[in-house]
Amino acid sequence: MVTTPSSLPDRKQKANPVLKFLGKIPWTWVVTFTYLAFLLILPIAAMLTKAASEPFASFWKTATSPIAISSYEITFVTAFAAAAVNGVFGTLIAWVLVRYDFFGKRFLEAVVDLPFALPTAVAGLTLATVYSEKGWIGSWFAPFGIKISFTRLGVWIAMVFISLPFIVRTVQPVLTELEKEMEEAAWSLGASKLQTFIQVILPPLTPAILTGVALGFSRAVGEFGSTVIIASNTPFKDLITPILIFQRLEQYDYVGATVIGVVMLAISFVSLLAINLIQAWSKRYG
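If you count by my numbering, then the sequence shown holds residues 7 to 292, one letter each, in order.
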């Protein structure tokens, strides 16, 4: 059979839809998805595959062991408490940095960013020293029988320390954009400072505060370097999940470490999803 020239374009048109589609994809998309695939998607998929290869009975036994459940509770409750406290005081610090000019403001700005640059192991060593029974701050509480270093309270302080900048730096730009005329208008209508803050200032700040709390929470949940030093790492006392995973790896229990890691990943995902849903709701109805 002789192929006529008129049939060649038809074959090219039939053979090229996929190539045409791929050719229309911006190169920035290709780079972005490739980068995310190698750094996030593939490692998580590998961990999930490793955990899925374990029989369900064995998976469930490891994931729900008493020491694992205790570490989940300590990790997520302490991280949420740290993020919630930073949500309040981080917003206050951002307010002071935006609304006031004072001597040492630049120094305070640098101090707020210090947890970003300071190695977490150094932060843990510093906090453990300062809050020990003979430390500068720990010695104030020792006479009352309050121990901070090598307790769950010390873990909470470490989480507060490393997550504070996320709240401050998330709220600060929104505060900068708020028009002060709105506050003055509220005052001229007879509103008190508290009413002005609750009804005028807080609503536009709420999404930013929730975003900062979510970022701080996720950072605190995964903290290892500082907590491994300031905590005693005793099971059922102050042992958090990242350190439990590290202990499993030291014992060459790779399957156990993977199973606990998957459970932690799932809980973290659900927690962040809930916070994001609350944030979206506040933007829509706040």
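Quick reminder that beta carbons are idealized off the backbone N, C-alpha and C, glycines included.
None of the values given here were measured: they were computed from a predicted structure.
Just mark residue i as buried or exposed, buried being the case when its beta carbon has 16 or more other beta carbons within 10 Å.
i: Glu229; result: buried
i: Pro213; result: buried
i: Ala237; result: buried
i: Leu114; result: exposed
i: Arg105; result: exposed
i: Arg112; result: exposed
i: Val128; result: exposed
i: Ile50; result: exposed
i: Gln285; result: buried
i: Arg254; result: buried
Can residue i and residue j be called in contact, C-beta distance under 8 Å?
i: Ile173; j: Gly267; result: no
i: Ile168; j: Pro121; result: yes
i: Thr81; j: Thr247; result: yes
i: Ala88; j: Met165; result: yes
i: Thr233; j: Gly151; result: no
i: Val227; j: Ala69; result: no
i: Val177; j: Pro210; result: no
i: Val276; j: Ala90; result: no
i: Leu245; j: Ser77; result: yes
i: Val161; j: Thr84; result: yes
i: Val206; j: Glu189; result: yes
i: Pro171; j: Asp119; result: yes
i: Ser274; j: Ser224; result: yes
i: Gly93; j: Ile215; result: yes
i: Gly231; j: Thr126; result: yes
i: Leu321; j: Ile163; result: Residue 321 falls outside the range modelled here, since the chain spans only 7 to 292, and no answer is possible.
i: Ala57; j: Phe44; result: no
i: Asn239; j: Ile249; result: yes
I need the boundaries of the alpha helix (DSSP H) containing residue i, first residue and last residue.
i: Val177; result: Arg158 to Glu183
i: Pro210; result: Leu208 to Val227
i: Pro248; result: Thr247 to Glu256
i: Gly151; result: Gly151 -> no alpha helix (DSSP H), and no H or E assigned at all.
i: Ser145; result: Gly144 to Phe147
i: Gly130; result: Thr126 to Val136
i: Pro139; result: For the record, residue 139 in the displayed sequence is Glu; it is not Pro. Segment: none, Glu139 is in no alpha helix (DSSP H) and carries neither H nor E.
i: Leu200; result: Lys199 to Thr202
i: Ala192; result: Lys186 to Ser194
i: Thr240; result: Taken as a continuous stretch (DSSP letters only), Thr240 belongs to no alpha helix (DSSP H), as it is neither H nor E.
Report task. With a floor of 4 residues, list each alpha helix (DSSP H) that falls wholly inside the stretch 43 to 120, ordered by position along the chain. Result -> Taken in chain order, the complete alpha helix (DSSP H) segments of 4 residues or longer contained in the stretch 43 to 120 are 48 to 58, 62 to 69 and 72 to 105.
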